[in-house]
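Colleague: Take 1 as the starting number for the sequence shown in the working numbering and just add one per residue.
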Amino acid sequence: MQSNIPIEHDLIDYNDVISEIFSISFILMMITVNIRLRSESSNSTMVFSGLCCLLVGHCHDLLDEFVLISAQWISMILENLANNLGVVIISIAIFRWSSHYKNQLAILQRQKIELTKASHTDSLSKLYNRRFLHSEFIDQIKNAYEPEQKLSLIMIDLDRFKEINDTYGHLEGDKLIMHMAQIIRDEIRACDYAFRYGGEEFLIVLDADMSTARHVAERIRKTYQESEYYISDERVNKSTSIGIVEYSPRHNFENALDIADKALYQAKNKGRNQVIIADGSKTKVYSGSPVSSNPVTS
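1) Taking the beta strand (DSSP E) that Ile274 falls in, what are its first and last residues?
2) Helix, strand or coil: which one does DSSP assign to Ser98?
3) Buried or exposed, going by whether 16 or more other CB atoms sit within 10 Å of the CB of Gly50?
4) Can you tell me where the beta strand (DSSP E) with Tyr197 in it begins and where it stops?
5) Please state if the CB of Ala208 and the CB of Ile244 are separated by a distance shorter than 8 Å.
6) Alpha carbon to alpha carbon, how far is Ser98 from Ser91?
7) Check each candidate in Arg160, Glu148 and Ile177 and name the one with the smallest Cα separation from Ser123.
8) Once you ignore the five residues that flank Val47 on each side, which residues in its own chain have a CB closer than 7 Å to its CB?
9) Report whether the distance from the Cβ of Ala194 to the nearest heavy atom of the ligand GDP is below 7 Å.
10) Rounded to the nearest angstrom, what separates Ser119 and Leu171 at their Cα positions?
11) For Ser19, which residues from the same chain have a beta carbon less than 6 Å from its beta carbon, with the 5 sequence-adjacent residues on both sides left out?
12) According to DSSP, simplified to helix, strand and coil, what is Ser227?
13) Please tell me whether Arg130 and Phe195 are closer than 8 Å, where the distance is taken between their beta carbons.
14) What residues in its chain sit with their C-beta under 8 Å from that of Asn15, if we drop five residues either side in the sequence?
15) Considering only their Cβ atoms, is the gap separating Met180 from Asp261 smaller than 8 Å?
16) Going by the CB atoms, is the gap between Val275 and Arg221 shorter than 8 Å?
17) Ignore the nearest five residues each way along the sequence and tell me which others in Asp233's own chain have a CB closer than 7 Å to its CB.
18) Below 8 Å on the Cβ atoms is my guess for Tyr325 versus Tyr193; work out the distance and round it to an integer in Å.
Given below as structure tokens:
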């Protein structure tokens with residue numbers, strides 16, 4: 001039986017020895033970190049196994065600098081197989097880890113989008129909220145649309161909403177707000193934006209000219225008035241007042257919003273249940289049927 005033969009001192013390559021000692025120290029440090037993390041995942045176990053294989057291979061390489069191992073098959077197993085197997089196992093673990101964290105990042109990104117959407121959405125109506133309008137949306141439309149493009153702002157307010165709140169309570173008032181919000185969603189397109197501006201007031205930013213905006217507003221007014229809505233088996237007699245103004249991204253959004261709001265209150269002052277278009281210094285009135293001052297009919 002052949003024994004291992006010590007290598008003469010003059011033939012030892014101390015550069016290789018230092019390199020192997022450094023590699024072994026690094027591997028031991030990584031094994032220590034892996035143990036201290038105490039992860040029970042299969043990937044962590046694979047990394048630990050791969051590091052152990054590398055440790056065996058590099059320990060052999062260090063020993064091989066001082067002792068000539070006579071059994072070649074042992075040398076092949078300890079050096080080539082252990083090192084290569086360790087690299088393969090660690091590579092597989094890293095690939096699986098990267099796939100796992102890529103999926104985790106995708107989940108976090110989706111959660112971030114959902115949270116952002118939730119912060120931009122009114123919890124009752126499920127339309128965009130006023131905070132989103134003023135914090136981001138106004139800047140977005142200036143960048144998304146050409147300066148000369150024509151948009152329309154439609155401001156909507158539910159008539160005599162306070163009377164329903166006072167008579168039947170805020171829960172019924174909330175249901176009426178949700179009812180109007182659904183009508184608005186049904187009447188606008190995906191490229192349009194609808195906001196609950198505050199209380200019983202709504203805002204629509206329509207990617208259309210004034211003529212189209214008038215037809216959309218009139219459909220909303222008519223649908224809301226004619227839709228059957230009951231409280232305690234009594235049909236609610238309801239209507240809405242609407243103001244419209246044309247807006248171009250090169251102009252001041254707040255000014256256009258103020259004009260639309262004034263047009264809305266002109267509709268209120270002229271008897272409610274109306275659509276009023278603010279066209280420069282003029283206003284055009286499109287009236288619906290007169291509405292009783294009693295919000296509920298038997």
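We put the CB at the ideal spot given by N, CA and C, even for glycine.
All figures in this text were calculated on a predicted structure; none of them were measured in a lab.
Modeller: On the basis of the supplied data:
1) The sequence shown places Gln at residue 274, rather than the Ile named in the question. Gln274 to Asp279 is the span of the beta strand (DSSP E), which, as asked, contains Gln274.
2) Under the three-state reduction of DSSP, Ser98 is assigned to helix.
3) With 16 or more other Cβ atoms within 10 Å, it is buried.
4) Start and end: Tyr193 to Gly198.
5) The answer is no: Cβ separation not under 8 Å.
6) So the two alpha carbons sit approximately 10 Å from each other.
7) The shortest Cα separation from Ser123 among Arg160, Glu148 and Ile177 belongs to Ile177.
8) Around Val47: Asn34, Ile90 and Ala93.
9) Among the ligands in the structure shown, none appear at all, so the ligand GDP cannot be discussed.
10) In a straight line, the C-alpha of Ser119 is about 23 Å away from that of Leu171.
11) Hits under 6 Å: none found.
12) Residue state for Ser227 is assigned as coil, using DSSP reduced to three classes.
13) Going by C-beta atoms, Arg130 is nearer than 8 Å to Phe195.
14) If you ignore the 5 residues before and after Asn15, its C-beta comes within less than 8 Å of no other C-beta in its own chain.
15) Against a cut-off of 8 Å, the Cβ pair of Met180 and Asp261 comes out as no contact.
16) Against a cut-off of 8 Å, the Cβ pair of Val275 and Arg221 comes out as a contact.
17) Within the same chain, Asp233 has no close Cβ partners at all.
18) This structure does not reach residue 325, given that the chain is present from 1 up to 298, and the question cannot be answered.
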